[in-house]
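Here is the structure we will look at, set down as structure tokens.
Number of protein chains: 2
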Amino acid sequence: MTSTARGARARARIEVTTAIKEEARRQLAAEGAARLSLRAVARELGLVSSALYRYFPSRDDLLTALIIDAYDSLGEAAESAHAAVAQEGPRQRWVAVCAAVRRWALAHPHEYALIYGSPVPGYHAPQTTVPAAARVGLLLIGIVRDAHRGPGLTDLPLPADLRPEAERLVADLAPDLPPAAGAALVAAWAQLYGLVGFELFGQFHRVVEDREPFFRHAASRLADQVGLP
Amino acid sequence: MTSTARGARARARIEVTTAIKEEARRQLAAEGAARLSLRAVARELGLVSSALYRYFPSRDDLLTALIIDAYDSLGEAAESAHAAVAQEGPRQRWVAVCAAVRRWALAHPHEYALIYGSPVPGYHAPQTTVPAAARVGLLLIGIVRDAHRGPGLTDLPLPADLRPEAERLVADLAPDLPPAAGAALVAAWAQLYGLVGFELFGQFHRVVEDREPFFRHAASRLADQVGLP
DNA sequence: CAAAAAAGAGAGCACTGCTCTTGCCCCGGA
DNA sequence: TCCGGGGCAAGAGCAGTGCTCTCTTTTTTG
């Protein structure tokens, strides 16, 4: 059974690979990225540590795999939240996506920290992560673009010294958008992660208590900022 | 010379302590928090690693000292930038403080990551860090409060479900401010760090190129958001 | 069916934070 | 001025880490 034999090997490899990722994700969720230990993963799987290197050439490669999965998981959460309100107005959809990002972050704090917190020292994310990372951004761009084509965006200020940069930016990201909206969108995107990060990393401790309505209002004001009606 | 003798001991202790912190800060700046090694610090100082524990009971305590210093350094940078434009209007002062935070962050990326990035795993900041951490926040509060007493703040929306939280918040932070301004201020504070963090941690890579004007405009829009005239 | 490739085991290297014991030396009270 | 005690450094050692190398077993392939 040559073909099944080959299939068996390949299947076993995939199984072990996902088992490693699953155990690694479990440790990541429990302890955080810097406490993720290859040896501990191997131990838990009944393997010797050196055997792990047949599947991931280094700890960083394992981390990269987890990062991509985390981006995908966040992207999927945002997309499905968006799909659930796809019939509503741009502002509702915007707030829904923001709220989904926050919810995902609260549910997966260490994974969120891995992708949007300070980079793990010595580690620099390879280009592989880019497509997965872009999903939430594309979603937000889509909402603003829909609004632009439909009910229209409110006019936004754009200082003269920012105009070239804003034009370059929309040329890359969304050529149909006005430059001011593109710049505002990118800023709002960053600010969304500021809000989420502050809540997640404890900066709101003893400052903001009732965080859900606080966040929803802030997200709605971000919608103002990008000109959503 | 009893007193000088005791003084000599104490002085030596202070000198070694600051030497440790200096070397640690050097390594922090060069390699990041997670690569900060007690043994390497000791080696560089010509000490054996165990000797270091006479000065800092653990690696976390050394980190805490560095965190407090970083907060202070950032706070001082923000305060001196504010002092330089103290005569100008609230909006200029607001943007100046934001720009100072960004500048400090770009100059001290690893220290910024230490205090505003994802928390170092296993480490939880003790209460000791709170006063130092509050300096920038107090500065921003002061600007908004001055504007409120002077030229006046523009009216801001405040949804009904956020009102109790906003009132509690200003009661703690700045009793003379309108609740909506307090809530907007806290949100803007978080968003400022979103902007800085995204730039610092590379999320703007190939998205925003000319970052200085981009940031200044975003900071000015944050001023709008808190109602500064 | 034999050769080659893949996978796991185990030892080992250089590093980490941290503890414990030993001994020195300087400071302060008698 | 002497002497005891305490602050201090040193060194060995423990348990852990990422990673490499070699050896053996198992499976796939020509």
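So the protein sequences, as listed, match chains F and B. With my numbering, you'll find the first sequence wraps up at 551, consecutive numbering, no jumps. With my numbering, you'll find the second sequence wraps up at 551, consecutive numbering, no jumps. Just so you know, even glycine gets a beta-carbon here, dropped at the ideal spot from N, CA and C. Computed from a prediction, not measured in an experiment: that's the story for all the values here.
Relative to residue 513 of chain B, the option among F:544, F:534, F:465 whose CA is nearest is F:544. In the three-state reduction of the DSSP assignment, residue 370 of chain F falls in the coil class.
Out of F:344, F:537, F:357, the CA that lies nearest to the CA of residue 515 of chain F is found in F:537. One thing to note: residue 401 of chain B has its Cβ within 8 Å of the Cβ of residue 457 of chain B. Burial of residue 390 of chain F is indicated by the presence of at least 16 other C-beta atoms within 10 angstroms of its C-beta. Taking 9 Å as the Cβ-Cβ cut-off, the stretch 498-515 of chain B approaches chain F at 505, 506, 508, 509, 510, 511, 512, 513, 514, 515, given in chain order. Contact annotation: in the stretch 363-396 of chain B, no residue has its CB less than 9 Å from a CB in chain F. For residue 487 of chain B against residue 535 of chain F, the beta-carbon gap comes to about 6 Å, under 8 Å, which counts as contact. With 16 or more neighbouring CB atoms inside 10 Å of its own CB, residue 463 of chain F falls in the buried class. DSSP places residue 379 of chain F outside both helix and strand once states are collapsed to three, so it counts as coil. Across the structure, residue 387 of chain F and residue 364 of chain F are spaced so that their CA atoms are roughly 16 Å apart. Contact annotation for residue 519 of chain B against chain F: 438, 439, 440, 512, 515, 516, 519 [CB-CB distance below 9 Å, chain order]. Under a criterion of Cβ atoms nearer than 8 Å, the residues of chain B adjacent to residue 547 of chain F are, in order, 543, 547.
With respect to chain F, the C-beta atom of residue 489 of chain B has no partner C-beta closer than 8 Å. In the pairwise beta carbon analysis, the stretch 500-509 of chain F is classified as touching the stretch 473-488 of chain F: at least three pairs are separated by under 8 Å.
Nearest to residue 422 of chain F by alpha-carbon distance, out of F:435, F:411, F:403, F:410, is F:403. Contact between residue 530 of chain B and residue 491 of chain F holds, with the beta-carbon distance rounding to 7 Å and staying under 8 Å. The criterion of a C-beta distance shorter than 8 Å is not satisfied by residue 427 of chain B and residue 355 of chain B.
If you look at residue 506 of chain B, you'll find it in the alpha helix (DSSP H) that goes 501-522.
Here residue 366 of chain F has 345 as same chain residues with Cβ atoms under 6 Å from its own Cβ, once five neighbours each way along the sequence are excluded. From the beta-carbon of residue 551 of chain B, no residue of chain F is found nearer than 9 Å; the closest lies around 15 Å away. Taking a beta-carbon distance threshold of 8 Å, residue 448 of chain B does not count as an interface residue toward chain F.
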